[in-house]
Amino acid sequence: MTFYKKPGDLRAACRSGDYDGPTSGHAQGYVQANMVILPGTDAAEFKEFCANNPKPCPILEILAAGDPEPKNCAPGADVRSDLSQYRVFRDGVPVGDVTDITNIWEDNFVTFLLGCSFTAEEALIAAGLEPRHIKETGIVPMFRTTKPTVGAGKFIGPFVVSMRPYTPENAERAASVTEQYPMAHGGPIQIGDAEALGICDINNPEYGAPVTIEAGEIPVFWACGVTPQEAILIAKPRIAITHAPGYMFVSDLLSDAGKE
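If you use the working numbering, the sequence shown corresponds to residues 153 to 412, in order.
1. If you follow the beta strand (DSSP E) that valine 240 is part of, which residue opens it and which one closes it?
2. According to DSSP, isoleucine 214 sits in a beta bridge with which residue or residues?
3. With a threshold of 6 Å on Cβ separation, who are the neighbours of alanine 226 within its own chain once the five nearest residues in sequence on each side are excluded?
4. Which residues in the same chain as alanine 179 place their Cβ atom closer than 7 Å to its Cβ, once the five residues preceding and following it in sequence are excluded?
5. For leucine 190, name the three-state secondary structure that DSSP assigns.
6. Compare the Cα-Cα distances from asparagine 322 to each of Pro340, Phe311 and Tyr333 and report the closest residue.
7. Of the residues Pro380, Ala185 and Gly169, which one's Cα is nearest the Cα of phenylalanine 270?
8. Counting only runs that start and end within the stretch 243-312, where is the alpha helix (DSSP H) found for 4 or more residues in a row?
9. Which of the three DSSP states is assigned to serine 314 in this structure?
10. So, for glutamine 252: in the same chain, excluding its five sequence neighbours on each side, which residues have a beta-carbon less than 6 Å away from its beta-carbon?
11. In the DSSP assignment, find the alpha helix (DSSP H) that holds aspartate 385 and state where it starts and stops.
12. For serine 403, name the three-state secondary structure that DSSP assigns.
13. At a cut of 8 Å, does the stretch 209-229 reach the stretch 254-271 through at least three beta carbon pairs?
14. Of the choices Ala327, Pro334 and Leu406, whose alpha-carbon is the least far from that of proline 283?
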């Protein structure tokens, strides 16, 4: 797999169709973002949903209606073409993943860019805690939980969490590292107890791909920006577009800009 060092190069490769893979491990040092695009009529309620659930949905930027350029996160970029894969929903039903949404763009679309745990993964790597999925699959395993979000209008649903396995000692170290990045979901919401989140099969994630959990390791769970996709399934907006899980928007913001 080719790893792109500069976010602009990765976005250009997505736009040209030269790259359509996951983004974990790419453009290290730069913020990656979850994305949700909704009709303007649904934007206010979804913004409230994000405000009610800052752990899985930290807002990085909200674009003006009809504007595809994230002027704060990546001036000159185009959210219609600069992600490697998008997921399209109609009336709450996922109808397919595509690599460009220019042909279905609408003038009233409002784009939300939300923080992503991939941003904090660079700090984990620097601390000698490289997440296993980076080498094994490229896509972190993500699970639907029984932990509820705080609803806003028709937007409500369960938390989705990402999982990275560590030894108990390294789990505490990973928690200390990621707590410094609140705009990338911060520290874990559960360490070691999948059943506490209603997860029955740790080897069968709803999103992403499973990873090896070695002897002596435990699962560590972080809030995940796929949570809004579960809310979309329930809210059933006329149309919604998100990143495909694991295929993020890579911004020009420096990762340490959101560090506390």
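We treat Cβ as the ideally placed atom computed from N, Cα and C, and that holds for glycine.
On the basis of the coordinates in this document:
1. Counting from 1 along the sequence shown, the entry for residue 240 is found at position 88. Counting along the chain, the beta strand (DSSP E) containing valine 240 begins and ends at 238-242.
2. Here residue 214 refers to the residue found at position 62 of the sequence shown. Answer is Phe264, bridged to isoleucine 214.
3. In the sequence shown, counting from the first residue as 1, residue 226 sits at position 74. Same-chain partners within the cutoff: Ser403 and Asp404.
4. For the purposes of this step, residue 179 is taken as the residue at position 27 of the sequence shown. Only Tyr156, Lys157, Lys158, Pro159, Leu162 and Val402 meet the Cβ criterion.
5. Residue 190 sits at position 38 when you count from the first residue of the sequence shown. Leucine 190: strand per DSSP, three-state reduction.
6. Taking the first residue of the sequence shown as 1, we reach residue 322 at position 170. The candidate whose alpha carbon is nearest that of asparagine 322 is Pro340.
7. Here residue 270 is taken as the residue at index 118 of the sequence shown, counted from 1. With distances taken between Cα atoms, phenylalanine 270 lies closest to Ala185.
8. 270-278 and 284-288
9. In the sequence shown, counting from the first residue as 1, residue 314 sits at position 162. Of the three classes helix, strand and coil, the one that applies to serine 314 here is strand, per DSSP.
10. Here residue 252 is taken as the residue at index 100 of the sequence shown, counted from 1. The sequence shown places aspartate at residue 252, not glutamine. Taken in chain order, the residues that qualify are Ser233.
11. As a first step, residue 385 is located in the sequence shown; it is residue number 233 there, counting from the start. A quick correction: the sequence has leucine, not aspartate, at residue 385. Unbroken alpha helix (DSSP H) run through leucine 385: 379-387.
12. Position 251 of the sequence shown, counted from the first residue, corresponds to residue 403. Residue state, collapsed to three classes: strand.
13. yes
14. As a first step, residue 283 is located in the sequence shown; it is residue number 131 there, counting from the start. If we check each option's Cα against that of proline 283, Ala327 comes out closest.
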